[in-house]
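Novice: So for the sequence shown, numbering that gives the first Met the number 0 puts the first residue at 0; every next one is plus one. Note that beta-carbon positions come from the ideal geometry of N, C-alpha and C, so glycine has one too.
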Amino acid sequence: MKINYNNKTFRVSGENEEATHFKYFQKGNIVWGEYEGGGVTKGTLIAKVDDEGILHMHYNHLNANLEFKLGKCISTPKILEDGKIELFEKYESINTAVVSKGEITLVEV
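1. Tell me the start and end of each unbroken beta strand (DSSP E) in the segment 36 to 73 that is at least 3 residues and wholly inside, in chain order.
2. Given this structure, state the Cα-to-Cα distance separating phenylalanine 24 from glutamate 35, to the nearest angstrom.
3. Run through the DSSP bridge pairs and tell me what tyrosine 117 is partnered with.
4. Counting C-beta neighbours from all protein chains within 10 Å, is the total for methionine 56 16 or more, i.e. buried, or is it exposed?
5. Whole angstroms is fine: what's the gap from glutamate 81's alpha carbon to cysteine 72's?
This is the structure:
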């Protein structure tokens, strides 16, 4: 599935305007972006897109306590009825003594 992520903005599903929001850019099969809000002071990500439109990414950010968070994420897209993109993400933080894993859903705004 071909998906154009260039100049798309996402936020965490079900969250208010202060939630983490993401801005994506794309060139070919490479996606990169910036994010902040929801306890994230500033973050960046870089990903490659496979033939299914799935993003295989690495991310890093500083949280509100200025602690680094590094990790990896698989982000699976779904096209909603209104044509917007929803991303189901499985992430894993890799820079802490205890590896933390989780899932979130992002929606295009």
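Specialist: Per the coordinate set shown:
1. 39 to 48 and 54 to 62
2. 15 Å
3. Because residue 117 is not part of the residues shown, which for the chain are 0 to 108, the question remains open.
4. buried
5. In the sequence under discussion, the amino acid at residue 81 is aspartate, which differs from the glutamate named in the question. Approximately 26 Å between the Cα atoms of the pair.
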